[in-house]
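A short worksheet on the structure shown next.
There are 4 protein chains.
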Amino acid sequence: MTTLQQLISDLERFATERDWQPFHTPKNLAMALSVEAAELVEIFQWEDGQRPFADYDLAQQTATRHEVADILLYLLRFCSVTGIDPLAAAVEKMRLNAEKYPVETAKGRAKQVGNVAD
Amino acid sequence: MTTLQQLISDLERFATERDWQPFHTPKNLAMALSVEAAELVEIFQWEDGQRPFADYDLAQQTATRHEVADILLYLLRFCSVTGIDPLAAAVEKMRLNAEKYPVETAKGRAKQVGNVAD
Amino acid sequence: MTTLQQLISDLERFATERDWQPFHTPKNLAMALSVEAAELVEIFQWEDGQRPFADYDLAQQTATRHEVADILLYLLRFCSVTGIDPLAAAVEKMRLNAEKYPVETAKGRAKQVGNVAD
Amino acid sequence: MTTLQQLISDLERFATERDWQPFHTPKNLAMALSVEAAELVEIFQWEDGQRPFADYDLAQQTATRHEVADILLYLLRFCSVTGIDPLAAAVEKMRLNAEKYPVETAKGRAKQVGNVAD
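Protein sequence lines, in the order shown, are assigned to chains W, B, D and Y.
Using the numbering used here, the first residue of the first sequence is number 666, and each one after it goes up by one.
Using the numbering used here, the first residue of the second sequence is number 666, and each one after it goes up by one.
Using the numbering used here, the first residue of the third sequence is number 666, and each one after it goes up by one.
Using the numbering used here, the first residue of the fourth sequence is number 666, and each one after it goes up by one.
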């Protein structure tokens with residue numbers, strides 16, 4: 666089974682073999698990541714948002730999977746060059762979010778609605 | 666040690682406890698993810714791109730770690746509601762990228778420069 | 666009445682007075698513009714999309730107006746440093762779009778739905 | 666000479682002729698605008714940022730002009746459906762920015778560097 670750490674190593678080798686490290690600055694990788702996020706948004710931009718994902722046609726589902734992969738790959742590459750541990754960062758943020766959005770007050774509060782992260 | 670699968674479960678419970686599932690459509694989560702990606706971009710927008718990340722001040726480093734976490738959390742939440750396996754998708758995409766950018770032709774080619782994903 | 670050209674001049678003076686020109690590269694301004702676009706997206710990310718804009722609360726309407734302004738300002742600043750004429754570019758693109766999406770075939774076609782630009 | 670107001674009218678007719686108004690909600694148009702902004706970012710993502718725009722190859726310059734157009738067109742379409750006057754909004758925001766970033770304190774301040782809008 667592939668792990669995040671293994672993907673990070675594979676991406677490092679992939680970039681090194683192609684002499685791409687000089688381009689992989691945090692700034693450039695943040696840009697590339699945001700471009701992939703926009704490509705995910707593009708798939709859904711004219712959708713009404715209520716159709717179950719399983720009802721999307723196969724081409725859209727495949728495109729979605731590829732964009733998810735692209736985002737994860739650039740995120741891991743970004744973590745690699747900045748030295749950030751993505752899982753540790755996520756666990757820390759989950760804890761902060763639990764404090765920021767207590768169940769009692771967050772429930773049904775329109776203002777905060779849906780914020781898994783902020 | 667926390668795993669991706671465990672984070673996905675924690676996020677599901679977090680959303681359920683707050684009655685946020687109706688807002689967590691693939692469309693809305695793709696939007697939220699792209700907003701977090703932009704917040705990461707914002708940290709670097711006036712940087713010249715050459716300064717080592719370790720030289721950034723502590724507040725910027727912390728903000729960066731939080732944005733990385735937000736992106737990962739929304740990505741996992743998106744995977745949760747669409748049924749996409751992020752690691753399997755990344756492995757599949759890595760294989761496609763290796764075919765698309767062979768070492769020999771990709772090396773130093775300006776056009777493709779730096780594309781870990783596309 | 667203020668014109669686009671006047672705004673462009675005002676922005677140039679604003680940047681010059683603050684010694685900000687070195688930061689206003691096309692790359693950095695494209696990033697800044699995308700961050701503002703994401704801030705506009707953020708306002709609508711948990712909305713169902715059907716509520717008329719006039720029914721939004723005043724704070725949301727004001728925030729929306731400010732984000733529209735920010736996007737236009739960065740777009741004009743980008744045009745200023747690249748020498749692009751935004752109105753001429755838009756007229757040219759409208760013509761290309763009319764060819765790409767003829768009324769007869771575009772009407773009701775799900776695939777192209779809603780693309781004013783592409 | 667084409668004006669912003671004329672472009673807004675042309676876009677309205679363009680959308681009406683194709684039955685696209687139902688898709689042109691503020692939410693969807695904000696998404697589409699952010700996707701176009703990302704396409705502009707993509708052109709610059711591996712650039713070092715110092716090369717003068719006039720030195721870019723012709724294909725890149727043309728692509729840049731088209732993305733600028735797409736952003737402006739979606740911004741105007743967004744203004745059309747929300748009733749926002751883009752020029753008035755920009756003038757108002759310029760005034761707020763002048764108060765927020767006074768010349769004396771903003772000059773050379775790293776924190777605020779380059780913020781034409783915020």
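The C-beta atom is built at its ideal place from N, Cα and C for all residues, glycine as well.
Just so you know, these numbers come straight off a predicted model, no measurement behind them.
Terminal residues of the alpha helix (DSSP H) in which residue i lies
i, result
"B:E707", "691-709"
"B:Y766", "Per DSSP, B:Y766 belongs to no alpha helix (DSSP H) and is neither H nor E."
Chain Y contact for residue i (CB, 8 angstroms cutoff)
i, result
"D:I673", "no"
"W:F688", "yes"
"W:M759", "no"
"D:R742", "yes"
"D:L669", "yes"
"W:N693", "yes"
"D:A703", "yes"
"D:A728", "no"
8 angstroms Cβ cutoff, residue i in contact with chain W
i, result
"D:W685", "no"
"Y:K765", "no"
"B:R678", "no"
"Y:Q710", "yes"
"Y:V700", "yes"
DSSP-derived helix/strand/coil call for residue i
i, result
"B:K772", "coil"
"B:E677", "helix"
"Y:I749", "coil"
"B:V756", "helix"
"D:D720", "helix"
"B:A734", "helix"
"B:R742", "helix"
"B:T729", "helix"
"B:Q715", "coil"
"Y:F688", "helix"
8 angstroms Cβ cutoff, residue i in contact with chain B
i, result
"D:S745", "no"
"D:V733", "no"
"D:A775", "Annotation note: pLDDT 47 at D:A775 (below 50); position unreliable, no value reported."
"D:A697", "yes"
"W:A754", "yes"
"D:E707", "yes"
Interface flag, residue i vs chain D, CB-CB below 8 angstroms
i, result
"W:G714", "yes"
"W:G779", "yes"
"W:T681", "no"
"Y:L723", "no"
Closer than 7 angstroms: residue i CB and nearest the ligand NAD heavy atom
i, result
"B:E764", "Absence of the ligand NAD is noted for the structure shown, with no ligands found whatsoever."
- prompt: Can we say the segment 694-709 of chain W touches the segment 711-718 of chain B, given the rule of at least three CB pairs closer than 8 angstroms?
  reply: Flag = no, the segment 694-709 of chain W and the segment 711-718 of chain B do not touch.
- prompt: Is the number of C-beta pairs between the segment 758-775 of chain D and the segment 727-739 of chain D that are closer than 8 angstroms three or more?
  reply: Contact annotation: the segment 758-775 of chain D does not touch the segment 727-739 of chain D, with fewer than three C-beta pairs closer than 8 angstroms.
- request: Report yes or no: do three or more beta-carbon pairs, one from the segment 743-757 of chain Y and one from the segment 727-734 of chain D, lie closer than 8 angstroms?
  value: They touch, by the three-pair rule.
- prompt: If we count Cβ pairs, one from each stretch, closer than 8 angstroms, do we get three or more for the segment 747-762 of chain D versus the segment 671-685 of chain Y?
  reply: The segment 747-762 of chain D vs the segment 671-685 of chain Y: in contact.
query: For the segment 690-702 of chain W against the segment 688-705 of chain B, are there 3 or more C-beta pairs whose distance is under 8 angstroms?
result: The segment 690-702 of chain W is in contact with the segment 688-705 of chain B.
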